[in-house]
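Novice:
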Amino acid sequence: MADSAELTDRDPRAERVHHAYAGNRLLLAMPEEARAALKPAMSLTALSRGTVLFDVGEDVRSTYLPCRPTMVSLLVVTPDGREVEAATVGWEGALGGVVSGGLKPAYGRAVVQAPGPAFVVPTARLDEMRQRFPALGDLFTRYADSMIAQMMQSVACNALHTIEQRCCRWLLAAHDRAGEDIVRLTQEALADMMGVQRTTVTAAAKVLQADGIIQTRRGRVEILDRRKLERRACECHGQVEAHFRKLLPEVAASAG
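The opening position of the sequence shown corresponds to residue 458 in the working numbering, with each subsequent residue numbered one higher.
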């Protein structure tokens, strides 16, 4: 894989890469012996915006653990080619064969929305480690549960809440994963993920900008007032985060 570095004890960059474990909270929360056993099979790669990690129907052979500020969208693709985001994955988790064993055909499409680094491990190797280390299997099972919760909440949000509320919810999720006040995405990408017209998102962004909550520039959104953004959003973001903290307290704690 391009721009990858094998993580072995003989690698002169091993110490620097070790610090990068902190870039992915799920990896950092793994039992130390399980993480050490996975280490020879892991690589660190740079993901570019728009890269498709896997597509509908493909056998998922690699599991990705994004590091800040990388963000990946899991998209449902309709028969006519339209895409709607079902979940967002950043430094808190992983995607691709997270819990399934054997053949892993993808139901949706995984697309990089915010570029950056990610750890990659062969899914078959991760399966082996989950069987060898029950605590690792439990960690990934709980993470999968949190992903299901995020998807369920997204369905409710899309059906019940306004475009502005949904836009604020997504910006909060992106801000959590970015590690800075600049969220690097276009309004067109945001509209695609929300399943609405770009003009609809542009109108919502103008209202938020006029109220001093965000500042939009080409290809980026700056969060000026997080608290106001939280007040303007629906309850969905907070509920998903609260459930995540209950299921994965060791992962949530690593955010510090």
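For each residue, glycine too, the CB sits at the ideal point set by N, CA and C.
Under the three-state reduction of DSSP, which class applies to GLN672: helix, strand or coil?
Specialist: Sequence index remark: in the sequence shown, residue 672 carries index 215 (1-based). Strand.
Novice: Tell me, please, which residues DSSP counts as bridged to THR440.
Specialist: Outside the displayed span of the chain (458 to 713) sits residue 440, for which this structure offers no information.
Novice: Going by C-alpha to C-alpha distance, which of ALA631, GLU515, ALA563 sits closest to ARG677?
Specialist: By 1-based counting over the sequence shown, the position of residue 677 is 220. ARG677 has its Cα closest to that of ALA631, out of ALA631, GLU515, ALA563.
Novice: Near HIS694, what residues of its chain come up, given a Cβ to Cβ distance below 7 Å and the 5 sequence neighbours on each side ignored?
Specialist: Numbered from 1 along the sequence shown, position 237 holds the residue referred to as residue 694. So the qualifying residues of the chain are ARG626, LEU629, ALA630.
Novice: DSSP three-state call for ALA592: helix, strand or coil?
Specialist: For this step, residue 592 is matched to residue 135 along the sequence shown. Helix, per DSSP.
Novice: For the structure I just gave you, are there three or more beta carbon pairs, one from the region 540-548 and one from the region 647-654, closer than 8 Å?
Specialist: Counting Cβ pairs under 8 Å, three or more are found: they touch.
Novice: DSSP beta-bridge partners for GLU679?
Specialist: In the sequence shown, counting from the first residue as 1, residue 679 sits at position 222. In DSSP, GLU679 forms a bridge with ILE639, GLN672.
Novice: My output table needs one value for SER603: the three-state DSSP class, helix, strand or coil.
Specialist: On the sequence shown, residue 603 is found 146 positions in, with the first residue counted as 1. Helix at SER603.
Novice: With distances taken Cα to Cα, identify the nearest neighbour of ARG539 among GLU707, VAL513, CYS624.
Specialist: Here residue 539 refers to the residue found at position 82 when the sequence shown is read from its first residue. It is VAL513.
Novice: Comparing C-alpha positions only, which one of ALA503, THR502, ASP516, MET609 sits nearest to ALA563?
Specialist: If you number the sequence shown from 1, residue 563 lands on position 106. Among ALA503, THR502, ASP516, MET609, the Cα nearest to that of ALA563 is on ASP516.
Novice: Determine the extent of the alpha helix (DSSP H) in which ARG655 is found, giving its start and end residues.
Specialist: Stepping through the sequence shown from its first residue, residue 655 is reached at position 198. First-last of the alpha helix (DSSP H) with ARG655: 655-667.
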